[in-house]
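What follows is one structure encoded as structure tokens, with my remarks underneath.
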Amino acid sequence: MPNEDRYLAVTAKRNRRSTASDLSRQLSSGTGTTVSRQTVYRRLGHIGLYPRRPVRCVPLTATHCRLRLAWSREHALWTPQQWSCVMFSDESRFSLQSDSRRTFIWRAPGTCYHQENTIERHHYGGAGWLVWRGIILGSRTDLHVQSVTMTGHIYWDVILEQHVRLFRGTMGAEFLFMDDNARPRRANIVDQGFSTFFPSRTP
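Residues in the sequence shown are numbered consecutively from 70, following the working numbering.
Here it is, written out as structure tokens:
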């Protein structure tokens, strides 16, 4: 690898949010070699680094990571029949406002979820749509879409009553429902509702 390519690679990995113009200037300052932005793109692409949007994720504490790892190890030997009674749920929020933070990072293919290639995001501002769905081995709930923030009352009246209850009624006491412990899921109305038709061992 030419010295200039090596210099670009090290600089891009050290500061992944550098623009091609930034890297061009740093290369010129550090080695005396002047190249265009297009050359920076081409040379970094040749060694496997491409500008991509970072993955945005909810930050996890050390406790979150420890508990998730422990849960995974505890259930590592479960059979497909056992997993067929577990429903996982997740939601995504899509903003209707343009993203002014058009941040790109330099990364290799297949590394989008590496810690250095993610950005922590604690909340979502502005208008948008929320999409929720529950999945279970061999089946799934209907897709729920709403334009308002998820609250405890909505979570109980819409998500649990209209979607999850159907699976609980079909599978009986073996049914397990997994959610992400976000604040609306732990509202009093939700905790009280769980006790009415979920077994006590439901997470």
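Cβ atoms here follow ideal geometry from the backbone N, Cα and C, with glycine treated the same way. Given the structure is predicted, the values throughout are model-derived calculations rather than measurements.
Contact under 8 Å by Cβ, residue i with residue j
{"i": "residue 164", "j": "residue 201", "result": "no"}
{"i": "residue 188", "j": "residue 156", "result": "no"}
{"i": "residue 321", "j": "residue 198", "result": "Absent from the model: residue 321. The displayed extent of the chain is 70 to 272, so no value can be given."}
{"i": "residue 111", "j": "residue 190", "result": "no"}
{"i": "residue 203", "j": "residue 233", "result": "yes"}
One or two residues paired with residue i in a DSSP bridge
{"i": "residue 213", "result": "201"}
{"i": "residue 189", "result": "126"}
{"i": "residue 246", "result": "156"}
{"i": "residue 120", "result": "175"}
{"i": "residue 163", "result": "198"}
{"i": "residue 208", "result": "205"}
For residue i, the nearest candidate out of the options (CA to CA)
{"i": "residue 123", "options": "234, 183, 197", "result": "183"}
{"i": "residue 81", "options": "103, 116, 102, 137", "result": "116"}
{"i": "residue 245", "options": "153, 218, 172, 207", "result": "153"}
{"i": "residue 173", "options": "145, 84, 243", "result": "84"}
{"i": "residue 91", "options": "207, 175, 212", "result": "175"}
{"i": "residue 212", "options": "222, 218, 231", "result": "231"}
{"i": "residue 219", "options": "161, 208, 178", "result": "161"}
{"i": "residue 207", "options": "127, 151, 129, 141", "result": "151"}
{"i": "residue 86", "options": "185, 229, 129, 148", "result": "185"}
{"i": "residue 237", "options": "216, 221, 134, 210", "result": "210"}
Integer Cβ distance of residue i from residue j, believed to fall under 8 Å
{"i": "residue 89", "j": "residue 106", "result": "4 Å"}
{"i": "residue 104", "j": "residue 96", "result": "6 Å"}
{"i": "residue 137", "j": "residue 181", "result": "So it is not a contact: roughly 20 Å between Cβ atoms."}
{"i": "residue 76", "j": "residue 99", "result": "6 Å"}
{"i": "residue 73", "j": "residue 102", "result": "5 Å"}
Near the ligand SAM: residue i beta-carbon under 7 Å from a heavy atom
{"i": "residue 175", "result": "The ligand SAM is not part of the structure shown, which contains no ligands of any sort."}
Any chain D beta carbon closer than 8 Å to residue i
{"i": "residue 132", "result": "Of the protein chains in this structure there is only one, and it is not chain D."}
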